[in-house]
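For what it's worth, the working numbering labels the leading residue of the sequence shown as 19, then goes sequentially.
Reviewing the structure listed below.
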Amino acid sequence: MTTTVTTTVTTTAAAVQPYSLFRVEVVRTQRISPSMLRVTFGGPDLKLCTSAGHDQRIKLFFPLPGQTDPIVPEGPDWFGEFRAMPDNVRPPIRTFTISGLRTDARELDVDFVLHGDLGPASRWAGSARPGDRIAILAPDARHPEILGYEYKPTEDSDWTLLAGDETALPAITQILSVMPADRQAVVFLEVASAQEMRPLDCPAGVHVTWLCRGGAPAGGGVLKEAIARTEFPAGRPYAWLAGESSAVVELRRHLVRERGLDKKDVYFSGYWLLGGAIE
Ligand SMILES: Cc1cc2nc3c(=O)[nH]c(=O)nc-3n(C[C@H](O)[C@H](O)[C@H](O)COP(=O)(O)OP(=O)(O)OC[C@H]3O[C@@H](n4cnc5c(N)ncnc54)[C@H](O)[C@@H]3O)c2cc1C
């Protein structure tokens, strides 16, 4: 009697994390309005980057003064490693939105609000030149699920309310560009001046209102005041709000308490904090 023994060798590929670190360099910059700079990053690994296509958030790691490259955590627990780094090594990190991703060309765009020299991101962007290097934590196309986006309209909602300041303009632009053609939406965008306004690619049923601060500081109540004066379309809304933290919290409070929106129909996010920093 002959016995056949079959041996099976199983190789397990290392699990791909939802986010990977991409080392990139500036390919070009373009001033798209007085306070907004588009930085196009390039890097061979960007062929493995992906995006949900709308409010896709990413983390940018900037070099410390005197460095050409930021020192970045490389392991799967990047945040734990990042926290454990000594202060004089840990790179400044800030959150941004993918404004454009062209994997064939290995290019990714980020639109930076230039708000002065106070923060590491705005300071870096203000002097960015081709060849400057940073690192970006962004979704990895090899992972089965894309994480890091929040625009998820409630299924039985009838219309969308989008409201934000200039830091939310990249996300709102992306959301509108992929919005179904028959979706009704009301959009409020707060910007510093009329020169920041630009045409938006959106369905016919979208009504956009630009609100210019006209010299008033960012992070005031401009959005809430305008929305409080607005009569809403009929039906159940889904609201997406982003901008200065306290302004967004106030706006959400108005929508829930005074306009009767259900809390679960309102997504809100403090994109920046007046007088503080959010990593
Ligand atoms: C999910 C998400 C997506 C985002 N996407 C974008 C994006 O695509 N483009 C973009 O420009 N920003 C975006 N932001 C906001 C950005 O992360 C913050 O503005 C961040 O504070 C900028 O970092 P900084 O180093 O320039 O300033 P920080 O060091 O964080 O702050 C320094 C000082 O600058 C002030 N400050 C920060 N931002 C502004 C501002 N916009 N206007 C006026 N004063 C400010 C702070 O109040 C503080 O006093 C996003 C934030 C989140 C959470």
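For each residue, glycine too, the CB sits at the ideal point set by N, CA and C.
### Query
Along the chain, where does the alpha helix (DSSP H) that runs through P157 open and close?
Premise fails: P157 lies in the beta strand (DSSP E), 151-157, not in any alpha helix (DSSP H).
### Query
Taking all protein chains shown into account, do 16 or more other C-beta atoms lie within 10 angstroms of the C-beta of Q85, making it buried, or fewer, making it exposed?
exposed
### Task
Could you work out which residue in L179, K77, D280 is closest to L241 when comparing CA atoms only?
L179
#### Entry: Inside the region 197-280 only - alpha helix (DSSP H) runs reaching at least 4 residues
240-246, 263-271
### Query
Would you say the region 60-79 touches the region 112-119, given that touching needs at least three Cβ pairs under 8 Å?
yes
#### Entry: C-alpha gap between K282 and P148, whole angstroms
44 Å
### Task
Let me know the secondary structure DSSP gives R147 once reduced to three states.
coil
#### Entry: Bridge partner(s) assigned by DSSP for S38
A156
### Query
In angstroms, rounded to a whole number, what distance separates the CA positions of A17 and V267?
Outside the modelled stretch of the chain, which goes from 19 to 297, sits residue 17, for which no answer is possible.
### Query
Is it a yes or a no for the region 85-99 touching the region 181-196, going by three-plus beta-carbon pairs under 8 Å?
no
### Sequence-distant residues of its chain with Cβ nearer than 7 Å to F206 (five each side left out)
A181, T227, L229, L241, A244, I245
### Message
So, at 7 Å on beta carbons, what are the nonlocal neighbours of D150 in its own chain, with the 5 sequence-adjacent residues on each side left out?
### Response
E43, V44
#### Entry: DSSP-derived helix/strand/coil call for L187
helix
### Task
Just tell me which of A265, K77, G232 has its CA closest to the CA of P109.
K77
### Message
Shorter than 6 Å, the distance from the beta carbon of L293 to the closest heavy atom of ligand 1, or not?
### Response
The question names Leu, yet the displayed sequence has Gly at residue 293. At least one heavy atom of ligand 1 is nearer than 6 Å to the Cβ of G293, so yes.
### Message
Measuring CB atoms only, is the region 119-126 touching the region 52-64, in the sense that at least three cross pairs come out at less than 8 Å?
### Response
yes
### Message
Does the beta-carbon of R270, which I'm using as the reference point, lie nearer than 6 Å to any heavy atom of ligand 1?
### Response
no
### Message
So if DSSP puts T178 in a beta bridge, which residue, or which two residues, is it bridged to?
### Response
A203, Y256
### Query
Is S195 helix, strand or coil when you go by DSSP?
helix
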